[in-house]
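1 is the number of the first residue of the sequence shown in this note's numbering; add one for each residue after it. The C-beta atom is built at its ideal place from N, Cα and C for all residues, glycine as well. What you are looking at is a predicted structure, and each value in this text was computed from that prediction instead of being measured. Single-structure report; data block below.
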Amino acid sequence: MSGNNYNYNYDGNNHGGNNYNNNYNKNNYNCNKKQNHNHEYLGDVKVAEKEDPHTHRFAGVTGEAMPLPNGSHYHELENRTDFYNDHCHLMCTKTGPAIPVGNDRHVHYVKGVTSEAENHCHNFQFATLIENPIGD
1 MSGNNYNYNY DGNNHGGNNY NNNYNKNNYN CNKKQNHNHE YLGDVKVAEK
51 EDPHTHRFAG VTGEAMPLPN GSHYHELENR TDFYNDHCHL MCTKTGPAIP
101 VGNDRHVHYV KGVTSEAENH CHNFQFATLI ENPIGD
């Protein structure tokens, strides 16, 4: 595998002064696993709170395609919004089925509600970006 040659330690022990304490190895993430496809997404949640009206931004990449009985598929997504005024929100949901947009490409519609923080939550709705935008 080519690319950057970073030597991170994910076991939480301090090796060479770097203490990276996260769960990559514990959760069995495997970037070399054969993948079908995923989608990028980004946007803003809807404005919330009357006392302090605000929004949050988000961006991420969906999980792998999960088959549906009708032959379509969906994706799961999980991310946090940006941090604003001492809080952020978790977004954890599934996309709708594939929506064809031409040239054998598709997007997915996503609608949901964030987790609660600071006594409020935010609605969100967006479409994912097109998978493999430049094609093969």
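### Task
Pull up the CB-CB distance for residue 128 and residue 107, whole angstroms please, since I reckon it's below 8 Å.
The residue given as residue 128 occupies position 128 in the sequence shown. The residue given as residue 107 occupies position 107 in the sequence shown. The beta-carbon distance between residue 128 and residue 107, rounded to whole angstroms, is 5 Å. This is short enough to meet the 8 Å contact definition.
### Query
For residue 41, does the count of other Cβ atoms within 10 angstroms reach 16, so buried, or fall short, so exposed?
What you label residue 41 is simply residue 41 of the sequence shown in a count that begins at 1. With 16 or more neighbouring CB atoms inside 10 Å of its own CB, residue 41 falls in the buried class.
### Query
Roughly how many whole angstroms lie between the Cα atoms of residue 58 and residue 69?
Taking the first residue of the sequence shown as 1, we reach residue 58 at position 58. Taking the first residue of the sequence shown as 1, we reach residue 69 at position 69. The alpha-carbon atoms of residue 58 and residue 69 are separated by roughly 30 Å.
### Task
Determine which residues share a DSSP beta bridge with residue 65 and list them.
What you label residue 65 is simply residue 65 of the sequence shown in a count that begins at 1. Per DSSP, none; premise fails for residue 65.
### Query
In whole angstroms, what is the alpha-carbon distance linking residue 101 and residue 133?
Residue 101 sits at position 101 when you count from the first residue of the sequence shown. Residue 133 sits at position 133 when you count from the first residue of the sequence shown. Answer to the nearest angstrom: the Cα atoms are 11 Å apart.
### Message
If you reduce the DSSP assignment to three classes, tell me which class residue 50 lands in.
### Response
Translated into the one-based positions of the sequence shown, residue 50 becomes position 50. The three-state reading of DSSP puts residue 50 in coil, since its state is none of H, G, I, E or B.
### Query
Hey, out of 83, 131 and 87, whose CA is closest to residue 103's CA?
The sequence position of residue 103 within the sequence shown is 103, counting from 1. Closest by C-alpha distance to residue 103, out of 83, 131 and 87, is 131.
#### Entry: Close Cβ partners of residue 118 (< 6 Å) along its chain, the five nearest in sequence each way excluded
Within the sequence shown, the letter at position 118 stands for residue 118. Hits under 6 Å: 87.
### Task
Take the Cβ of residue 90 as the centre, count every other Cβ of all protein chains shown within 10 Å, and call the residue buried at 16 or more, exposed below.
Taking the sequence shown and counting its residues from 1, one reaches residue 90 at position 90. By the neighbour-count rule (16 or more Cβ atoms within 10 Å), residue 90 is not buried but exposed.
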